[in-house]
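Under the UniProt record's numbering, the first residue of the first sequence carries the number 1, and numbering increases by one thereafter.
The next block holds one structure in the form of structure tokens; read it before the comments.
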Amino acid sequence: MCGRFAQLIELEELVDSGLISDLSLTNINEVNKYLSEKQIRPTQPCVVFTTESSSKEASASIARFGAKVKLGGNSSPKLLINARAETALDKPLFHKSLMTRRCIVPVSGYYEWSELHGGKRVPYLIHPQGNQIAKLAGILLRDAVSGGEGVLVITTDASQSVSHIHHRQPLHLSQQETRMWLSRETSTKDISNMLIRSDQVKLHPTQIASSYLGDREVSLAEASTSEYTEQLRLF
DNA sequence: CCAGACGTTGTT
DNA sequence: GTCTGG
DNA sequence: CCAGACGTTGTT
DNA sequence: GTCTGG
1 MCGRFAQLIE
11 LEELVDSGLI
21 SDLSLTNINE
31 VNKYLSEKQI
41 RPTQPCVVFT
51 TESSSKEASA
61 SIARFGAKVK
71 LGGNSSPKLL
81 INARAETALD
91 KPLFHKSLMT
101 RRCIVPVSGY
111 YEWSELHGGK
121 RVPYLIHPQG
131 NQIAKLAGIL
141 LRDAVSGGEG
151 VLVITTDASQ
161 SVSHIHHRQP
171 LHLSQQETRM
181 WLSRETSTKD
191 ISNMLIRSDQ
201 VKLHPTQIAS
211 SYLGDREVSL
221 AEASTSEYTE
231 QLRLF
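Right, dumping it as structure tokens:
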């Protein structure tokens, strides 16, 4: 679950989201060109927000979705894209990242496939109300193969509004929680509470045409974002 | 104590 | 490094 | 997550 | 069926 998401984000929406208060303070211009992806799949670069130790303000940077980890010396590296909220703090592999390398993945929505119509997998975009940005809880992990930055999305039990599509969902944070998640002052206890709390900001599933995601890569220019924003405006 | 693992999802 | 299993 | 491949040798 | 690549 949460193996694919969209980052089709306007700068002003990013300001509205509360992730950045002052455009000039971030490397946002450099990052902006990444914020027009309809589909971000594992291994592809995406935009994340983190708070560097030297700074109080969160800033944008690029990380690849997922990180390859070496499990057991012999086996081949495995790509991980999610970490379970219920157990992440207990996992040696994730613990340090949860303590010091938390990040936010701002998304227009994420995709989920649900089995319908005689075994066919039907895609949904699961997104906040209106054109708001969803702030997904993530952790950064060093990729054991490339050495680059990878981001894993924290997953939790699906809340009622999307549980009919799928039984898991990304940990979706409110504005207040986002601040805590990104702060380097937040205690382990508070992190733990955020990971296991039951309520989440509501998300809405919108069924989308299979052709929208397509079996072949379609360039943004060809696809035109209007089709996409049309989908979103329905809600 | 040491040795060995260290991960998620969905599906069966 | 740190947890689990024996 | 889904889509797509799933193979080897020698020669160019 | 299962693995790899994006």
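Ideal Cβ placement from N, Cα and C applies to all residues, glycine included.
Would you kindly work out how many angstroms separate the C-alpha atoms of residue i and residue j, rounded to a whole number?
i: arginine 184; j: tyrosine 124; result: 35 Å
i: threonine 206; j: isoleucine 126; result: 6 Å
i: histidine 166; j: leucine 11; result: 31 Å
i: valine 69; j: histidine 204; result: 33 Å
i: aspartate 90; j: phenylalanine 65; result: 22 Å
i: glutamine 175; j: lysine 202; result: 13 Å
i: glutamate 177; j: aspartate 190; result: 10 Å
i: isoleucine 20; j: valine 47; result: 13 Å
So, helix, strand or coil for residue i, using DSSP?
i: glutamine 175; result: helix
i: residue 242; result: The requested residue 242 is not part of the displayed model; the chain covers only 1 to 235.
i: alanine 144; result: coil
i: histidine 166; result: coil
i: phenylalanine 88; result: A quick correction: the sequence has alanine, not phenylalanine, at residue 88. Here alanine 88 sits in helix by DSSP.
i: asparagine 193; result: helix
i: leucine 14; result: helix
i: glutamate 217; result: Confidence in glutamate 217 is poor, its pLDDT being 31 and thus under 50, which makes the residue's placement too unreliable to answer from.
i: leucine 98; result: helix
If I measure Cβ to Cβ from residue i and keep anything under 6 Å in the same chain, skipping five residues before and after, which residues do I get?
i: alanine 134; result: Val107, Pro128 and His172
Leaving aside the five residues before and after residue i along the sequence, list all residues of the same chain whose C-beta is less than 7 Å from its C-beta, in chain order.
i: isoleucine 9; result: Leu35, Pro106, Ser108 and Ile133
i: glutamine 44; result: Arg64 and Phe65
Which residue or residues does DSSP assign as beta-bridge partners of residue i?
i: histidine 127; result: His204
i: glutamate 149; result: Arg142
i: proline 106; result: Lys135
What are the start and end residues of the beta strand (DSSP E) that includes residue i?
i: aspartate 199; result: From DSSP, aspartate 199 is part of no beta strand (DSSP E); its letter is neither H nor E.
i: glutamine 7; result: 5 to 8
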